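Below is one structure, written out as structure tokens, with a few remarks after it.
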Amino acid sequence: RLVGEGARSDLLALSVAHHKQEFDARTLQDHRSPHTTSDLLYKNALSDRSRTIFGGLIRVERHAHFTDAYQKVRNLLLSDDAEANSMPGLEILADNVKCSHGATSGQVDEEEMFYLLSRGIPEIIAKQLIVAGFLDEVIGRLSDSLIGQHLRDLIGDKFRLDATRAAIAA
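Everything in the sequence shown is counted per our numbering, starting at 2 for the first residue and increasing by one.
Structural data, given as structure tokens:
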């Protein structure tokens, strides 16, 4: 809830889903006072048969004039079996507000992948670089650089583990 004139909320989230993992996220950006601001950025990278569901609502109450509210969800599908369902929503009861929401889902750009592979970068590393760049919009906005670096390390570890498993299976 954004209560109190001038209240602000920045919501940053990311997920890296693989195997048969399922993530379900629900958000509410509830503006109850004038001159409030909220900004949500949620990015998902999905591989294998993983799945994410996002349901988010921006609500602006009657007296919350001059509200700015944004909601952006981006999904990167790394396999044909991965699935992302995003349902952003707006409920605006006030006048004179700026609110927007959007959700996109897409696969790795073939030209990006071709470029990296043509430079001799192995496919698993190329995917890691693309995913890292995709998620860095969230990580780069964190105020604590140590947490950001820890997240980058965790994402790198996840891809190294997947590469090791793939090599053992082959």
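For glycine and all other residues, C-beta sits at the position ideal for the given N, C-alpha and C.
Since this is a predicted model, take the numbers as computed values, not measurements.
Answer with yes or no whether the minimum CB distance from residue i to chain C is below 9 Å.
i           : result
residue 124 : Absent from the structure is chain C; it holds one protein chain and no more.
Beta carbon of residue i, beta carbon of residue j: below 9 Å?
i           : j           : result
residue 63  : residue 18  : no
residue 33  : residue 65  : yes
residue 58  : residue 128 : no
residue 126 : residue 113 : no
residue 106 : residue 75  : yes
residue 86  : residue 54  : yes
Out of the options, state which residue places its alpha-carbon closest to the alpha-carbon of residue i.
i           : options            : result
residue 24  : 10, 160, 83 and 96 : 83
residue 12  : 74, 42, 97 and 47  : 42
residue 133 : 123, 121 and 155   : 155
Return the chain-ordered list of same chain residues with a C-beta closer than 6 Å to the C-beta of residue i, the five sequence neighbours on each side being excluded.
i           : result
residue 143 : 149
residue 160 : 129
residue 49  : 19, 20 and 80
residue 15  : 44, 136 and 139
residue 72  : 41, 57, 59, 89 and 102
residue 111 : none
residue 104 : 74, 87 and 89
Please go through the same chain and pick out, in chain order, the residues whose beta-carbon is closer than 8 Å to the beta-carbon of residue i, but skip the five residues on each side of it.
i           : result
residue 92  : 58, 59, 60 and 61
residue 90  : 56, 57, 58, 59 and 102
residue 108 : 77, 78 and 79
residue 122 : 130
Closer than 7 Å by C-beta to residue i: which residues in its own chain qualify, once you throw out the five before and the five after it? Chain order, please.
i           : result
residue 95  : 61, 62, 63, 64, 65, 66 and 68
residue 140 : 149, 152 and 153
residue 135 : 44, 46 and 77
residue 116 : none
residue 157 : 129
residue 99  : 69
residue 22  : 51
residue 2   : 31 and 33
How do the region 148-155 and the region 27-35 stand: do at least 3 beta-carbon pairs fall below 8 Å, yes or no?
-> no
Entirely within the region 80-123 and at least 3 residues each: give me those beta strand (DSSP E) ranges in chain order.
-> 84-93 and 99-108
Stretch-stretch touch, CB-based, cutoff 8 Å, three pairs: the region 32-48 with the region 2-22 = yes
If you scan the region 29-86 from start to end, which runs of the alpha helix (DSSP H) of 4 or more residues do you find wholly inside it?
-> none
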